[in-house]
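Going by the numbering used here, the residue at position 233 of the sequence shown is 222; the numbering climbs one at a time, nothing skipped.
One structure is given here, and the rest of the page talks about it.
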Amino acid sequence: MPDTQTIHVFAGPSLSGSSVLELDGVCAHPPIAHGDLYRLNLSEGDSVLIVDGIYQHTAPVRHKEILALHAAGVPIYGTASLGALRASEHQDHGMTGIGTVFGWYRDGRLISDADVALTHGDADIDYRAFTQALVSIISVTDRLVAAGRLDQSDATKVVDLARSLHFSTRTNGALRAAAAGHDLSGQMRLTLDELHTDRLGDIKRIDAEAAVHTLLAGNAVTPKPVDVPLTTWRKEWSLQHAPATSDPEGPTLRQVLAFAQLFLPDFPDRHTEYVLGTLKPEYPEVGESSWLDALSPAEYVRRGILSEDELTTLTADERATRVLVRTFRRRSGRLVYDEFPAELAEFAEQSARLLNLTSQAAELNPNFHPGDIPSAELDKTFSELWGTTELVTHVLDRGFRSPEEFREQARPYFIAARAFVGMRSAPSKVA
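Structure follows, in structure tokens:
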């Protein structure tokens, strides 16, 4: 493999302490989560190997993310754990599976996410596993039976007993305690002892290390090309997770767009120009406002599209413009912005500085998290910043599709907004 090519390996407990992650040509990443593939800084010829992933306290890597990477021409492989599961789900759809665990998913011996799931630590302890995966128990008992060291009926009982425990509680102690109640203490002890790497070892680690060596040697099968539709979800996730600059720790494209929506005084005008410039011919002309009668004035107010004051202070044409702007969605009807406006790229550095205020606040107060900010406090702060008493309609004028989306995007910027409001209300001093 040429030196310029890199294998991006997403791994955790399956390769905890493994030297393969330090081999030339390997770039190690934590267990994969939703959005991580969009954040990769890839060069031509690079490939991706998914081993481990997380899915309980954050969303797992999505199928459409994998398809998007494949559509971009990046070979993507899966093995050992969540990677094997995703590879079996993407057979003939842009991903190649490697190893025994993948084969078991492909052939139907394994069917559940829980078959490879376990609990583990964070990066500070190298993702060390706290529990045993069911697939690890299955593989060891298979090998013990093949070696004549364990009876097949006992192996089945050991596996069934392990399966009866939830993956989050399947510690060695819990397995031994359960085995003692079923007269399987010796058989369980034998199974757990053989999971050490100096004996039979864990199939997930065996598969993962073999997959890395296979890719480094250039011996993996290249995934077949498939047509991948550019869906609304792919567009939204790309905005949410793709970095706005070459710095992977910097703001995402969505965060820079949110900065502009939240802090540029002229963004409502920019957004109106964007909407009116994007409308297709099949939309009514703004001046032809009779279509507004499709809903009653009270219904427009109830839906948060117009304020009560606007029913009397705006002309019919002005109301038509506001309704078009506030209800505008790109096809297929979910997103207001499905691509990053190129002219906003100049605000990436300012966005990063304001987001850094939130990071500093979290460092000073470990109990602070933007997700804990009450919605009422967010609404109050930004209403003061924007000088409006009609928050619901104003967030639509700024290109948010709903108050809920506004709050989601505004939370990381709350500290900055609060500071701006404070500076504006502070009394000036005369020397």
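We put the CB at the ideal spot given by N, CA and C, even for glycine.
{"Query": "Environment of residue 219 [buried if 16+ CB atoms lie within 10 Å]", "Result": "exposed"}
{"Query": "Beta-carbon contacts of residue 337 that lie in its chain and below 8 Å, excluding the five residues immediately before and after", "Result": "233, 234, 239, 240, 245"}
{"Query": "Residue environment, residue 401, which counts as buried when at least 16 other CB atoms sit within 10 Å", "Result": "buried"}
{"Query": "Candidates 373, 215, 199: closest to residue 414 by CA position", "Result": "373"}
{"Query": "Residue(s) in a DSSP beta bridge with residue 232", "Result": "241"}
{"Query": "Three-state secondary structure assigned by DSSP to residue 126", "Result": "helix"}
{"Query": "Ordered list of beta strand (DSSP E) runs contained in the segment 19 to 82, each at least 3 residues", "Result": "36 to 39, 65 to 68"}
{"Query": "Any chain C beta carbon closer than 9 Å to residue 365", "Result": "No chain C appears in the structure shown, which is made up of a single protein chain."}
{"Query": "Residues that DSSP places opposite residue 85 in a beta bridge", "Result": "66"}
{"Query": "Bridge partners - residue 381, DSSP secondary structure assignment", "Result": "DSSP lists no partner for residue 381."}
{"Query": "Residues bridged to residue 389 [DSSP beta-bridge criterion]", "Result": "In DSSP, residue 389 forms no bridge with anything."}
{"Query": "CA nearest to the CA of residue 63, picked from -1, 117, 47, 32", "Result": "32"}
{"Query": "From 13, 70, 167, residue whose alpha carbon lies closest to that of residue 89", "Result": "70"}
{"Query": "For residue -3, the residue or residues it bridges with in DSSP", "Result": "16, 37"}
{"Query": "Spatially closest choice to residue 41 from 396, 223, 201, 20, by CA coordinates", "Result": "20"}
{"Query": "Span separating the alpha-carbon of residue 18 from that of residue 102", "Result": "21 Å"}
{"Query": "The segment 41 to 51 touching the segment 201 to 216, judged by at least three CB pairs closer than 8 Å", "Result": "no"}
{"Query": "Coil, strand or helix - residue -10 by DSSP", "Result": "Unreliable positioning characterises residue -10 in this predicted model, as indicated by a pLDDT of 42, which lies under 50. The coordinate reading is nonetheless provided below. In the structure shown, residue -10 sits in coil (DSSP, three-state: anything other than H, G, I, E or B)."}
{"Query": "Beta-carbon gap between residue 371 and residue 406 smaller than 9 Å", "Result": "yes"}
{"Query": "CB of residue 184 within 9 Å of CB of residue 248, strictly", "Result": "no"}
{"Query": "Helix, strand or coil at residue 118 [DSSP, three-state]", "Result": "strand"}
{"Query": "Inter-stretch contact at 8 Å, needing at least 3 Cβ pairs: the segment 171 to 180 / the segment 141 to 156", "Result": "yes"}
{"Query": "Buried versus exposed, by CB contacts within 10 Å (16 or more), residue 387", "Result": "buried"}
{"Query": "DSSP beta-bridge partners of residue 109", "Result": "118"}
{"Query": "Whole alpha helix (DSSP H) elements within the segment 336 to 364, 4-residue minimum", "Result": "337 to 353"}
{"Query": "Contact between the segment 252 to 265 and the segment 284 to 301 (3+ Cβ pairs under 8 Å)", "Result": "no"}
{"Query": "Proximity of residue 22 and residue -4 at Cβ, strictly below 9 Å", "Result": "no"}
{"Query": "Pairwise C-alpha distance: residue 367 and residue 100", "Result": "44 Å"}
{"Query": "Residue range of the alpha helix (DSSP H) that includes residue 414", "Result": "403 to 414"}
{"Query": "Cβ pair count under 8 Å reaching 3, the segment 391 to 401 against the segment 326 to 336", "Result": "no"}
{"Query": "Helix, strand or coil at residue 420 [DSSP, three-state]", "Result": "For residue 420, the pLDDT reaches just 49, beneath the cut-off of 50, and the residue's location in the model is therefore unreliable, although a value from the coordinates is still provided. Residue 420 falls in the coil class under three-state DSSP."}
{"Query": "Endpoints, the alpha helix (DSSP H) within which residue 152 is located", "Result": "141 to 153"}
{"Query": "Whole-angstrom distance between residue 124 and residue 225, CA atom to CA atom", "Result": "35 Å"}
{"Query": "Identity of the residue in 222, 75, 27, 160 nearest residue 319 by Cα", "Result": "222"}
{"Query": "Close-in-space but distant-in-sequence residues of the same chain around residue -9 (CB under 7 Å, 5 per side omitted)", "Result": "With a pLDDT of 43 at residue -9, under the threshold of 50, the predicted position of this residue should be treated as unreliable, and no value is reported."}
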